[in-house]
Amino acid sequence: MKKLVALVLAAMMLCASIAFAEAPEGYPAVKEGLDFGGKTVTIYDYWTGSADRVAEPTEEQQAQYDYRDWLEATYNVKIVQIQGGDWGTCAEHMINFVSAPDGSYRAYIIEPGKVGSLVANGVAAPINYDFSAEKFNQATIDAWSMGGKVYGFSTGASEPRGCVYFNKRILQEANIDWNTIYDMQAAGTWTWAAFEDMLKATTQDLDNDGVIDVWGFGGSGDDMYNLAVFGNGGSYFDFDADGKLQPTMNSEATLTALNWGKEMQSKYWAPTPEGANWDWFKEAWKAGTFAFYVYQTYGGYNDNSEMADMEDEWGCVAFPVPNEGDNYIHVASENTYLIPNVYTEEEVANIMFIVDMWTNATPGYDDEDAWIGNKYNYTDDRAVDETYAMLRQAEHAASNKVVLLGTSNDILGSSLLWSLGGSTPAELIEAGMPAWQAACDTFNAK
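First residue of the sequence shown: 95, per our numbering; consecutive thereafter.
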C-alpha cells in the first residue's frame, strides 16, 4: 500500500494540477475541480515549534506524511502548521493579519479565552460548511454559532475541564471508602447532598483544639461556582428568542446554584491564608489541607502536571449534580480553529476544506484510545475509564457565553464571583446588572 501511494505521488508531482480520479483506499474522496494554484495554507497555533519532519519517522508518522503529501499533490497546495504566537499573543497575530492582509491563506488555532473577542469583533469569518461529520466537536460548534452562522470549530472529543479530585488517604482516615464515590457517579446519585455529606465528614479538628485541621474542600472558587451554575441548568449570559445576547445570572437556576455554593464555602471551604498568592490552594491540596479539590483536569491528568509530585494518592469524579439522574457537566474550553475575516465566501470554504482534510486521522491509524496517553500513571483506572472518558462526550460540555464579552475575570470577577463572601448573589447581581446589560447591548449592536 505504502509503495503504491509513493508511486502515485511521484507521478502527481510531475503534474500537480491533474487531480486523482480515485483516492487510495482509506483516503477521503477527492473534491473534483479544487486547485489552490500552488498557494500555501498556513495553520498557526501557539505550540508547534517547527514544521520540519522527523528524520527517522515511525511507521505511523510516515503514513501521516504520505497522506499529507497526497493532499498537497491532489489539490496543488502547500500546507504548513507552525507556531504563530504564544498562549497570550496568537490572537494578536490574527488581529494584525486581518488589519493588514497580505493575500496569504491562513487559519488560526486560538486558545479558548481569546476566541470570544475575535468572534464578537468581526475578526473571525463565518464558515459555511457541513460540520455534521463525527470528527467535529459539536459543543464547540454550538458555542460559536450565532445568527445561523458558525465562526469557530474544533475536532475530536471535548477536553474535560472542571472536576473534583479527592485525597484517598484523608477519606480512608475519615472511614470513607473512596470507591463509593465512583459508584455514586456511575449510578447517577453523586449529588449536591451526597457531596455535602462527604464534606461534613472530612472537615475535622483532629486534635480537639478548636481549630479545623482538615477542610472538606478547596481549590478554584470560580470553577466551583461555574460548575454548580451550569450543572443546575443556569448560565450568566445567553441568547434570547431574537438572537440577542442578554444577562441571565438572575435566573432561578443560577441564583440557586450561587446560593448553594456560597453556603458550602461558608461551612467547609479552606480559608485563604492572609497574604497568600491567588493560587495558594495548589500546594495546600498536595499537602493534604482539604479532602476534595475543585480544579481543572490538566492539574492532575496531564504529563508534568502540577500534581505530579503529590505523595497522597488521588481519584477524580465529575462535579456533583443537584438531583439524582441529572447530567454531569463541565464548562468547555477548547482550542478553536478560526479563519480570518478577509476572504471571499468561496475562499473561506476552500480553506476550511483543506484544514478539514489536514486534521483527519492518519488513514489506517484511527486509534480511539490515543487520548489516554499516560493518564493511568497518575491515578486509578476508574478516574480515567469512568470520569475522564465520560466527560469527553459532548453532552457533558456546557458553553459559558461570558467569553463573547471578555474574560470571566473581567466580566464576572470582582462584580460577582470574587465578592460572594461578603454579599448575597441577589445583591451582587442587582448591582452589576446595568454594566452587564450595557456590555450585551454593545455586543448586539455589532
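Beta carbons are placed, not taken as given, at the ideal position from N, Cα and C, and that holds for glycine.
- With respect to Arg255, Gln390 sits close: the two C-beta atoms are nearer than 7 Å.
- Between Val174 and Thr136, the beta carbon gap of about 5 Å places them in contact (Cβ cut-off 8 Å).
- Counting only residues of its own chain and dropping the five nearest sequence neighbours on each side, Gln158 has a CB closer than 7 Å to the CB of Thr456.
- Under the 10 Å beta carbon count, Thr473 is surrounded by 16 or more other beta carbons and is classified as buried.
- Following the DSSP letters along the chain, one finds Leu293 inside the alpha helix (DSSP H) bounded by residues Trp286 to Thr296.
- With 16 or more neighbouring CB atoms inside 10 Å of its own CB, Ser248 falls in the buried class.
- In this structure, the beta-carbon distance from Pro206 to Ser427 falls below 7 Å.
- In the three-state scheme derived from DSSP, where H, G and I count as helix and E and B as strand, Ser211 is classed as helix.
- For Trp354, the uninterrupted alpha helix (DSSP H) run begins and ends at Glu346 to Tyr362, by DSSP.
- Beta-bridge annotation (DSSP): Trp309 is paired with Phe384.
- Going by beta carbons, Pro414 and Trp309 fall outside the 7 Å limit.
- Our two residues, Asn353 and Met240, have alpha carbons roughly 31 Å apart in a direct line.
- DSSP places Lys243 in the strand class (E or B) of the three-state scheme.
- Rounded to the nearest angstrom, the gap between the Cα atoms of Asp146 and His490 is 37 Å.
- Per the DSSP secondary-structure output, Val174 pairs in a beta bridge with Thr136.
- Here Val411 is near Ile275, since their CB atoms are less than 7 Å apart.
- In the assembly as shown, Ser508 is an exposed residue. Its beta-carbon has fewer than 16 other beta-carbons within 10 Å.
- In this chain, Thr430 is not harboured by any alpha helix (DSSP H); it is covered by the beta strand (DSSP E) spanning Thr430 to Leu432.
- Rounded to the nearest angstrom, the Cβ distance from Val209 to Leu432 is 7 Å, consistent with a contact under 8 Å.
- Here Ile448 really is in contact with Tyr169; their C-beta atoms are around 6 Å apart, less than 8 Å.
- Gln487 sits in coil when the DSSP states are folded into three classes, being neither helix nor strand.
- Per DSSP, the beta bridge partners of Cys257 are Tyr389.
- Per DSSP, reduced to three states, the secondary structure at Thr249 is strand.
- Here Trp141 is exposed: its Cβ has fewer than 16 other Cβ atoms, across all protein chains shown, within 10 Å.
- Sequence-distant partners of Trp363 (beyond 5 residues in either direction) whose C-beta falls short of 7 Å from its own C-beta, in its chain, are Trp309, Phe311 and Gly312.
- Distances from the CA of Gly382 to each of Gln266, Asn494, Glu439 and Met358 were compared; the closest alpha carbon is that of Gln266.
- For Val449, the enclosing alpha helix (DSSP H) begins and ends at Glu439 to Trp452.
- In the DSSP assignment, Trp379 is bridged to no other residue.
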